[in-house]
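*Asks:* One structure, pasted below without further comment.
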Amino acid sequence: MTNPSTEKPCPFCNGTDLDPNRWGMGGQYTLCKTCGAFGPDASSGITWNDRNGQENKGEKQ
Numbered sequence: 001m002t003n004p005s006t007e008k009p010c011p012f013c014n015g016t017d018l019d020p021n022r023w024g025m026g027g028q029y030t031l032c033k034t035c036g037a038f039g040p041d042a043s044s045g046i047t048w049n050d051r052n053g054q055e056n057k058g059e060k061q
């Protein structure tokens, strides 16, 4: 687990092994090391934790 206190789990697999300090594709982004999901670019003004009310697809109901 890289940063469990500030980053929400991955919205796709509910993974918590995240790297919020990845660089590439023209900017900084968060990478889920469990399933490979990534986004958004930090310069976009949107963060990994911005979900607009969407539920985490990996969460058990």
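Heads up, the sequence shown is in full-length UniProt numbering, so the first residue is 1 and it goes up one at a time.
We put the CB at the ideal spot given by N, CA and C, even for glycine.
What span of residues does the beta strand (DSSP E) with W48 cover, start to end?
*Replies:* Where W48 is concerned, there is no enclosing beta strand (DSSP E), given that its DSSP letter is neither H nor E.
*Asks:* What do you get for T30, buried or exposed, if any count of 16 or more other CB atoms within 10 angstroms of its CB means buried?
*Replies:* The residue in question, T30, is buried, as its Cβ has 16 or more Cβ neighbours within 10 Å.
*Asks:* Where R22 and Q28 are concerned, what is the direct C-alpha to C-alpha distance, given to the nearest angstrom?
*Replies:* Roughly 5 Å separates the two Cα atoms.
*Asks:* Would you call the CB atoms of D19 and T34 closer than 7 Å?
*Replies:* Not closer than 7 Å, so no.
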